[in-house]
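Q: Positions in the sequence shown are counted from 1; adding 55 to them yields this note's numbering.
Positions of the beta carbon are idealized from the N, C-alpha and C atoms, including for glycine.
Just so we're clear, the structure is a prediction, and the values are computed from it rather than from any experiment.
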Amino acid sequence: MFLAHAYAIAVLEVLPFFLQFLGLGLSETLGEGLCGSALGVSEAEAVRYGLVSEYYFYGQAFLVLLALKAAYALGLVLLRFMYPEKAPPFAPLVWRLGMGLSSALLLLFLLTRTLPLPFLTPLGPAWLSPAPLDPLSLLMAAPEPVLLGLLWRARP
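#1: In three-state DSSP terms, what is L175?
#2: Which stretch, first to last residue, makes up the alpha helix (DSSP H) that contains L162?
#3: Assuming H60 contacts A209 (C-beta within less than 8 angstroms), just tell me the rounded distance between them.
#4: Buried or exposed for T167, please, with buried defined as at least 16 other CB atoms from any protein chain shown within 10 angstroms of its CB.
#5: Using a Cβ-Cβ cutoff of less than 7 angstroms, which residues in the same chain neighbour L230 once the five nearest sequence positions on both sides are dropped?
#6: Spell out a yes or no on whether the stretch 114-121 and the stretch 145-152 are touching, meaning 3 or more CB-CB pairs, one atom from each, closer than 8 angstroms.
#7: Three-state secondary structure (DSSP) at P185?
#8: Across which residues does DSSP place P180 in a beta bridge pair?
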């Protein structure tokens with residue numbers, strides 16, 4: 056049952072990853088998305104040239120999470136080819152991993168957009184205002200509740 060929905064789950068898992076690329080070209084109209092200023096600049100360059108904003112490290116966390124979700128989607132498609140007739144014996148583990156990744160992205164999105172964010176400064180820890188809520192971030196987080204519902208219905 057779980058792998059029967061593998062293609063739909065894989066598309067929804069990888070959709071935010073591809074939507075983030077809209078933030079590179081359309082950042083003036085749609086915003087920078089979940090990863091924000093973490094794209095295109097290494098951490099060493101960002102620190103060296105003073106490009107680190109308060110939200111840079113949160114953008115990096117989203118970037119890693121989106122990469123893990125894309126790898127998970129690829130794994131689902133591969134499992135579908137490897138087990139065309141029935142689900143593998145480790146399908147519950149794969150399902151839990153998908154639920155965990157989607158829940159983590161949704162939870163991190165809600166936390167960073169609604170609560171003050173902790174950030175280390177040279178003077179000590181500080182509380183910053185919530186990350187800006189732009190249209191691209193909303194577009195990127197919108198598939199997560201649908202994906203969680205689909206994963207829940209397709210649980211092994």
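A: Once the coordinates are examined:
#1: strand
#2: A146 to T169
#3: 4 angstroms
#4: buried
#5: Here the chain comprises residues numbered 56 to 211, so residue 230 is not present and cannot be evaluated.
#6: no
#7: coil
#8: L175
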